[in-house]
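Numbered by the working numbering, the letters in the sequence shown go through residues 889 to 1208 in order.
C-beta atoms are modelled at their ideal positions from N, C-alpha and C, and glycine is treated no differently.
Since the structure is predicted, the reported quantities are computational estimates derived from the model, not experimental observations.
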Amino acid sequence: MTARIVGTGSSVPVHKVTNEDLSRVVETNDEWISSRTGIKERRIAGEESTVSMSVSAAKKALEDAGTDPQDLDLIIVATCSPDYFFPNTACCVQEAVGAVNAVAFDLSAACSGFLFGLNTIQAYMKAGIYKKALLIGAETMSKLIDWEDRGTCVLFGDGAGAAVIQAEETGMIDMVQYSDGQQGPVLTCKARETSNFLFPNEQKADHIYMEGQPVFKFAVKKVPECIKALLDKTGTSKEEIKYYVLHQANSRIIDSVAKRMKEPEEKFPMNLHFYGNTSAASIPILLDEMNRKGMLEKGDKIILSGFGAGLTWGASLLEW
Ligand code: UT7
């Protein structure tokens, strides 16, 4: 058996922040942000949280799939911006949707999180361990951002995307995934420092730190490489792929991947103009948009590819 996506949903905060709005917060402008990233606006959480957006996206995905939450046997939430250290976000979703029969845990792989979650579910389903899963990518990046750092604060946004996945005869064909901890320091966000009665430490909230250019170079090199590895591994030709659904970090990265792969830009859908980089949520939000617009038909072959902190990256080939 293999993992098939049978329903999708997404949820973003109501509050929209344009590039113009940000130019009143830090020294930046729409021209710089648009030309370097493609981003025009992003959603920023106020009332919303990682759990509330996860629950809202999950309910929509369950409705789209026509799935009774009690039939779920697994919930995975990919996030690097949870509301709690514990309980994990997935347990909060389990409680909210009434998935009493599911085991629930979070997975941390930053912007590759949804993809790694999908691959984890695939492994469980292939082994016959679980049959019906809910996978969510959810982030409140706005709480990790240094709002005085113009190099990063213009890039990210908040949101959640979800997919209901069930074990079927056809669905995921294969996947590749990689990590390189040696390059970890180029993109970090520290959690709490060690601090206790023996070794007290002044706690300072840390923020996202990114060396943009190494991350950019990593993405434009590794994404085409891993997609090619996946095509070779499965004996699939580029012509068979209808869409490449890439992590929505930067339109220049996506354009460059298309160019390196000698594939038309139309095969690389984008919505980062409206949401910025929502980390683990970007792939499922885009997938939900494509699903609801009717862009995907049964039997279509698509490739999902994520890349980000860790460093982590990979790709999955699916039949819709
Ligand atoms: O999901 C995780 C993956 N993350 C990514 O994919 C991010 C990958 N990296 C990138 O997308 C790009 O590196 C950025 C969009 C982050 C930056 O673009 P860049 O072309 O690499 O710019 P840069 O960092 O080299 O900065 C160029 C200039 C600098 O000024 P000087 O030193 O040349 O005078 C920056 O200070 O642009 C300046 N700058 C800004 N100017 C206006 C940096 N941020 C801004 C800003 N507004 N927001």
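Ranked by Cα distance from Met-889, the options Lys-1014, Asn-1007, Met-1029 and Asn-976 are led by Lys-1014. The beta carbon of Gly-1072 lies closer than 7 Å to those of Gly-1198 and Leu-1199 in the same chain, with the five residues before and after it left out. In the DSSP assignment, Thr-1028 forms a beta bridge with Asp-1046.
The region 924 to 932 and the region 1018 to 1025 do not touch, with fewer than three beta-carbon pairs separated by less than 8 Å. Its Cα nearest to that of Asp-1034, the residue His-1095 stands out among Ala-1021, Phe-1087 and His-1095. The three-state reading of DSSP puts Tyr-1163 in helix, counting H, G and I together.
The region 917 to 948 is shown to contain whole beta strand (DSSP E) runs of 3 or more residues at 929 to 931, in chain order. Taking C-beta atoms under 8 Å as the contact rule, Asn-1159 and Leu-1175 fail to qualify, at a distance of about 10 Å. Segment contact: the region 1123 to 1138 against the region 955 to 973, fewer than three CB-CB distances shorter than 8 Å; contact not assigned.
Judged by beta-carbon spacing, Lys-1020 lies within the 8 Å limit of Asp-959, meaning their Cβ atoms are closer than that value.
Burial is judged here by how many other beta carbons sit within 10 angstroms of a residue's own beta carbon; Asn-1179 has at least 16 and is buried. Phe-1002: member of the alpha helix (DSSP H) spanning 1001 to 1014, first to last residue. The beta carbon of Tyr-1012 is closer than 7 Å to those of Leu-962 and Tyr-1018 in its chain, skipping five residues each way along the sequence. Short note on Ala-1107: C-beta closer than 7 Å to some heavy atom of ligand 1. Taking non-hydrogen atoms of ligand 1 into account, the C-beta of Phe-1104 is found less than 7 Å away from one of them.
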